[in-house]
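*Asks:*
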Ligand SMILES: *Cc1c(COP(=O)(O)O)cnc(C)c1O
């Protein structure tokens with residue numbers, strides 16, 4: 006474990022002493038961020054290759070987003086939806102237009118968008134399909150990640166994330182991801198929806214076969230069930246398109262959005278769909294105190310405007326392809342496999358070269374922040390505003406670390422070398 010300077014060590018110890026231990030942070034204490042760069046308490050600079058778990062698609066403190074936030078902070082920050090404010094209505098219209106849908110239901114976090122999508126799908130099933138009370142079923146995919154509330158972990162296949170938290174929410178059926186035939190076989194008269202990530206996040210990117218989403222959409226349309234796309238991670242440019250569903254030429258019934266909708270500034274998430282589905286939510290049955298708040302709405306409006314008026318989604322695809330090509334050519338034997346979808350990569354590390362956590366700590370020492378995607382995979386998720394020069398800076402350093410890891414491997418295999 007790297008040694009921290011005294012002030013940083015004090016803060017780390019403080020968090021470990023008084024903070025709940027539901028994370029295991031890398032030993033670095035950050036104080037500033039700008040674009041793709043962050044700075045720690047001791048003045049060291051790092052390339053942020055995690056980008057707030059894809060919440061920082063626009064980088065740290067994007068000027069347009071910060072200005073929108075400042076302007077709003079100086080006027081009005083919270084109304085609750087018991088009153089109108091002058092930002093939320095505009096956001097609804099702009100986000101609906103952006104997604105090609107009619108209605109926007111705002112929440113705060115990604116998992117609340119998921120929870121809301123599940124509630125809407127169930128109520129739609131009872132009201133529109135006439136399903137008997139409490140019989141609605143939602144199909145999910147093995148290996149899913151939909152957040153950390155009880156309902157979101159109920160259909161999870163992550164044993165560690167579930168252990169000790171039962172009893173769970175019933176009403177889910179799990180099928181293998183990427184397998185349209187298995188999905189078709191799982192549909193019955195009580196099925197109301199399939200909840201799916203177009204590209205899976207957990208251990209991901211896990212990319213399904215090219216025709217998978219189209220098959221899913223077709224099954225949904227034939228059996229009159231809802232296609233609910235969890236695009237909390239993939240949405241808003243990360244995969245090289247505005248929505249990852251575009252890779253399969255598919256329009257889901259419901260988009261679940263979060264993460265970079267709030268530009269890394271204000272937590273805001275949304276469920277976006279058409280009125281025939283969304284209007285099952287009448288007054289007084291669902292909501293959240295901070296939902297639709299003018300601060301989050303103003304930031305999300307700026308984020309959407311930036312996405313519409315820039316080429317960030319195309320850049321995401323081009324930069325991701327560039328990173329994958331360089332790594333494939335130069336990474337050497339420590340990397341067993343490179344997976345890439347837009348500016349979202351995972352490197353599967355040969356166990357002989359160390360664990361993903363080991364590599365992440367070495368990357369940290371060389372000025373790159375990222376985290377493991379699993380025990381042997383490291384995640385590379387730079388902000389979409391990364392320039393080619395910045396990306397190459399990061400890759401140059403990363404390749405040195407991977408080269409050293411490969412050397413350790415060779416030495417371990419042949420100590421005489
Ligand atoms: C991050 C994430 C969530 C949960 O979002 P939170 O804001 O952390 O609650 C849900 N689904 C996917 C695919 C995610 O990546």
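In the working numbering, the protein residues as written are 6 to 422.
Backbone N, C-alpha and C define an ideal beta-carbon position, used for all residues, glycine too.
1) Rounded to the nearest angstrom, what separates residue 13 and residue 271 at their Cα positions?
2) What ranges does the alpha helix (DSSP H) occupy inside the stretch 254-325, keeping only unbroken runs of at least 4 residues that lie completely in it?
3) Would you decide whether residue 205 is buried or exposed? Buried here means 16 or more other CB atoms lie within 10 Å of its CB.
4) Taking only the alpha-carbon atoms, compute the straight-line gap between residue 164 and residue 320 and give it to the nearest angstrom.
5) How big is the Cα-Cα spacing for residue 242 and residue 64?
6) Could you check how far apart the C-beta atoms of residue 177 and residue 143 are, in whole angstroms? I think they sit under 8 angstroms.
7) Please give me, in chain order, every unbroken run of the beta strand (DSSP E) with length at least 3 that falls completely inside the stretch 346-376.
8) State the Cα-Cα distance for the pair residue 66 and residue 38, rounded to the nearest angstrom.
9) Verify whether the separation of the beta carbon atoms of residue 414 and residue 357 is less than 9 angstroms.
10) Helix or strand or just coil, what does DSSP make of residue 133?
11) How close, in whole Å, do the beta carbons of residue 73 and residue 306 come, if the pair is a contact with beta carbons under 8 angstroms?
12) Would you say the beta carbon of residue 150 comes nearer than 8 angstroms to a heavy atom of ligand 1?
13) Helix, strand or coil, according to DSSP, for residue 68 in the structure here?
14) Let's test the definition: count the other Cβ atoms within 10 Å of the Cβ of residue 27 and tell me whether it reaches 16, buried, or not, exposed.
15) Considering just the uninterrupted stretch of the alpha helix (DSSP H) at residue 182, what are its terminal residues?
16) At 3 residues or longer, and completely inside the stretch 83-129: list those beta strand (DSSP E) runs for me, N to C.
17) Can you list, in chain order, the residues of its chain whose CB lies under 6 angstroms from that of residue 433, leaving out five sequence neighbours each side?
18) From which residue to which residue does the beta strand (DSSP E) around residue 51 run?
19) Between the beta-carbon of residue 400 and the beta-carbon of residue 331, is there less than 9 angstroms?
20) Go to residue 393, then tell me how far its alpha helix (DSSP H) extends in each direction, as first and last residue.
21) Using a Cβ-based criterion (distance less than 8 angstroms to any ligand heavy atom), does residue 42 qualify as near ligand 1?
22) Taking the runs of the alpha helix (DSSP H) that are 4 residues or longer, which of them lie wholly in the stretch 137-199?
*Replies:* Checking against the coordinates, here is how it stands:
1) For residue 13 and residue 271, the distance between alpha carbons rounds to 26 angstroms.
2) 280-283 and 299-314
3) buried
4) 36 angstroms
5) Distance from the CA atom of residue 242 to the CA atom of residue 64, rounded to whole angstroms, is 13 angstroms.
6) 6 angstroms
7) 350-354
8) 7 angstroms
9) In this structure, residue 357 lies closer than 9 angstroms to residue 414 by Cβ.
10) helix
11) 7 angstroms
12) With a cutoff of 8 angstroms, residue 150 counts as near ligand 1, since its C-beta is closer than that to a heavy atom of the ligand.
13) helix
14) By the neighbour-count rule (16 or more Cβ atoms within 10 Å), residue 27 is not buried but exposed.
15) Taken as a continuous stretch (DSSP letters only), residue 182 belongs to no alpha helix (DSSP H), as it is neither H nor E.
16) 108-112
17) What is shown of the chain runs 6 to 422, which leaves residue 433 out entirely.
18) 50-53
19) Taking 9 angstroms as the cut-off, the Cβ atoms of residue 400 and residue 331 count as close.
20) 393-418
21) no
22) 155-158, 164-167 and 185-191
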